[in-house]
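Quick note: to get the working numbering, add 40 to the position in the first sequence (first position is 1).
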Amino acid sequence: MSSVRVRFAPSPTGFFHIGSARTALFNWLYARHTGGTFVLRIEDTDKERNSEAFLNVIYDSLTWLGLNWDEGPKVGGSFGPYRQSERTDIYKVYLKKLLDGGRAYEKDGAIWFKLDGERYEVFDEHRKKTVTKVRRAPTVIEDRIRGHVERLEDEDFVIFRSDGNPVFHFVNVVDDISMAITHVIRGEDHLSNASKHVELFKAFGTSVPEFAHIPLILKQNGPGKMSKRDQGALIEEYQRRGFLPEALVNFLSLLGWNPGDDREKMPVAEIVRLFDLPGVNQSNARFDEKKLAHMNMAYLLELPAEQFVAKAREFFERQNVATALAADTGYFADVMRLAQPKVKAIDELPGYTGYFFTEDFPIDEKVKAKVLGKGDPKARLREVAEALPGWDLANDTAIEEAIKALAAKGGFGFGDYQAIVRLALSGTNVGPSITGMMRVMGRERVQARIGRFLATA
RNA sequence: GCCCUCAUCGUCUAUCGGUUAGGACAGGAGAUUCUCAAUCUUCAAAGCGGGGUUCGAUUCCCCGUGGGGGCGCCA
41 MSSVRVRFAP SPTGFFHIGS ARTALFNWLY ARHTGGTFVL RIEDTDKERN
91 SEAFLNVIYD SLTWLGLNWD EGPKVGGSFG PYRQSERTDI YKVYLKKLLD
141 GGRAYEKDGA IWFKLDGERY EVFDEHRKKT VTKVRRAPTV IEDRIRGHVE
191 RLEDEDFVIF RSDGNPVFHF VNVVDDISMA ITHVIRGEDH LSNASKHVEL
241 FKAFGTSVPE FAHIPLILKQ NGPGKMSKRD QGALIEEYQR RGFLPEALVN
291 FLSLLGWNPG DDREKMPVAE IVRLFDLPGV NQSNARFDEK KLAHMNMAYL
341 LELPAEQFVA KAREFFERQN VATALAADTG YFADVMRLAQ PKVKAIDELP
391 GYTGYFFTED FPIDEKVKAK VLGKGDPKAR LREVAEALPG WDLANDTAIE
441 EAIKALAAKG GFGFGDYQAI VRLALSGTNV GPSITGMMRV MGRERVQARI
491 GRFLATA
């Protein structure tokens, strides 16, 4: 085990979104790559906005994505507790250090961090008020991704609110010190805060951790970074829609990082092996749901059939679309196996396979008009209905051969039967092969559907 | 307004001074197939602008411009 200790420090103030997931992922990847420790810390100092429900969303989402934490809530560790709301004693100790060292003072009921340097007053045009500034040199941030960054931190800032609760900058730094965090990997939106943090680290007399400010994920359309309200922003949504977590992880890893060559689809173990800070980009990346969908499809295609069926079963049950017919697990599995190579996502399944599970499926009138408008398809269908009792429906090739033989007799081709049989069995013109459909539906159901179609259409 | 940061096809990106600027998604065309997908082939598509440095800049520097972030007793 290396000495690397990274942390993911979300606050449970809303649903877990894709930017947070990516930050968690990069931290996790770095920990796993270096053989270090991945710490989960809950930053719940804002009592007004925190909720227990959102806390569970964080645990669920991380678990679903496979980002297991070595220390943190639920698993414990020797640097706990891991929820900031339970660390108030630690914060008091650290505050006392600052107070005793003359690096903090009280004003307006709050406690402020005192920067070193000479003070002077100036009118701030933007904020329309007089502020006290400190004459001092810019703070230097050595960032593993950004390089050398300088920023002038010239105003004291609040570290304890007047209600007695510590603020983010303070607890963040204190916890990083007390949890022995070595690498701070977080979004670039914190780069401007980093100067405050560096000053705090210096005031505590501790070494500053390595910083790595990763690029942000921008919303797909329009300006700005991805926020909770944007389309596709919530991890929970992908979970609900039956996306494969490994596909999402693979996609997310490529947003702001690359292995240095053309490889894109990689098992997570390979990403862990290749991931490193120098491979992280500096520029923001725009979220692309089409590419995610493609990645998901690629993973879905190679998923072992049993797993695909299980995923489908879970989705059908959760969406409450299971019918009496779908309750037949053997039949359900056969249908799903037929659909696996054809769909791009699990949530397409109910729509794509609906007609398998009910006799009351709709007939697409446009398709019907088109199919019936060419030649005499109903005659072909009648031939199938008559020949069907003698066919072997055990496998697709046998069915295909039977249809071809039937076609040859009348001087037709397979194609003259395909569309009309499909229409009679499914009511539409898209779907799995008709041979597969016939095999899975079975003789009785096929016979009944063709008969009904012939009688009514 | 001030501060920080970034800049290659529509999008994600490769290139660490010398390449016909490569790949992937999306888009077009074709092949294949029982439909639709998938798959295969193929086409179109990029170095923000201006100055430098250099024999040579997408690559290094500066200035613009544009994007992003920050400027709370939120995190």
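Don't be surprised by glycine CBs; every beta carbon is placed ideally from N, CA and C. Note that the structure is predicted; figures quoted are calculated from it, not measured.
- The beta carbon of Ala352 sits closer than 7 Å to the beta carbons of Met376, Ile386 and Leu389 from its chain, once the five residues preceding and following it are set aside; these are given in chain order.
- By the Cβ neighbour-count rule, Arg127 is buried, with 16 or more other Cβ atoms within 10 Å of its own.
- By the neighbour-count criterion, in which a residue is buried when 16 or more other Cβ atoms sit within 10 angstroms of its Cβ, Leu105 is buried.
- Straight through space, the alpha carbons of Ser101 and Leu465 are spaced by roughly 41 Å.
- In this structure the stretch 195 to 204 touches the stretch 146 to 157; the number of beta carbon pairs closer than 8 Å is three or more.
- Taking the Cα of Asp328 as reference, the smallest distance to any Cα among Gln359, Pro113 and Leu295 is reached at Leu295.
- A direct Cα-Cα distance of roughly 21 Å separates Met477 from Lys410.
- In this structure, Tyr131 sits away from Leu80, with a CB-CB distance that is not shorter than 8 Å.
- A Cβ-Cβ separation of about 6 Å places Thr85 in contact with Asn205 under the 8 Å criterion.
- Taking Val115 as the centre and dropping the five residues before and after it, the same chain places the C-beta of Trp109 closer than 7 Å to its C-beta, in chain order.
- For Gly491, no beta strand (DSSP E) run applies; the uninterrupted alpha helix (DSSP H) run containing it begins and ends at Ile474 to Thr496, by DSSP.
- Judged by their CB atoms, Leu95 and Pro52 are nearer to each other than the 8 Å cut-off.
- Collapsing the DSSP output to three states places His166 in coil.
- The residue from His188, Thr246 and Tyr395 with its alpha-carbon nearest to that of Asp216 is Thr246.
- Here the stretch 337 to 352 makes contact with the stretch 280 to 287; the two share three or more CB pairs at distances below 8 Å.
- The secondary-structure analysis by DSSP pairs Asp183 across a beta bridge with Gly187 and Phe251.
- When the beta-carbon positions are compared, Glu276 and Phe55 come within less than 8 Å of each other.
- Per DSSP, Thr63 is one residue of the alpha helix (DSSP H) stretching across Ile58 to Thr74.
- Across the structure, Phe119 and Ser218 are spaced so that their CA atoms are roughly 7 Å apart.
- Positions of the beta strand (DSSP E) runs, each at least 3 residues long and wholly inside the stretch 219 to 301, are given as 223 to 227 and 250 to 254 in order along the chain.
- Taking C-beta atoms under 8 Å as the contact rule, Ala243 and Leu135 fail to qualify, at a distance of about 11 Å.
- Within a 10 Å sphere around the beta-carbon of Lys236 sit 16 or more other beta-carbons, which makes this residue buried.
- Counting C-beta atoms within 10 angstroms of its own C-beta, Gln271 has fewer than 16 neighbours from the protein chains shown and is therefore classed as exposed.
- With contacts defined by Cβ atoms closer than 8 Å, Arg159 and Thr172 form a contacting pair.
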